[in-house]
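>
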Amino acid sequence: SPRYQKVIRMYYRQERTMKQIGTALGVNESRVSQIHKAALEKLGAALRINGFESSYEFLEDRRPA
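Heads up: the sequence shown begins at 510 in the working numbering, then just goes up one per residue.
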């Protein structure tokens with residue numbers, strides 16, 4: 510959803526805190542955390558559906574030992 514995308518974008522690209530994101534969206538930090546978690550779960554499910562076992566497949570030389 511657009512809200513999930515916005516939270517992910519603000520957290521990872523703009524490096525905002527959960528509190529800052531909450532203020533921008535008009536929700537509390539707890540709700541931002543819930544949205545963030547749900548977005549990551551959906552991303553993980555989409556990766557698995559498309560044949561990726563781990564997000565480490567996107568990172569060069571950062572696979573777990």
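Every residue, glycine too, gets a C-beta built ideally from N, C-alpha and C.
Please report the distance separating the alpha-carbon of residue 537 from that of residue 525.
Spanning the two alpha carbons is a distance of roughly 14 Å.
> Smallest Cα separation from residue 515: which of 539, 548 and 559?
Of 539, 548 and 559, the residue nearest in Cα terms is 548.
> When the Cα atoms are used, what is the spatial distance from residue 527 to residue 533?
Using only the alpha carbons, I get a separation of about 10 Å.
> Starting from residue 531, follow the alpha helix (DSSP H) in both directions and report where the run begins and ends.
It spans 527-534 - the alpha helix (DSSP H) in which residue 531 sits, taken as one unbroken run.
> Given a cut-off of 8 Å on the beta-carbon distance, is the pair residue 540 and residue 531 in contact?
Contact flag set, yes.
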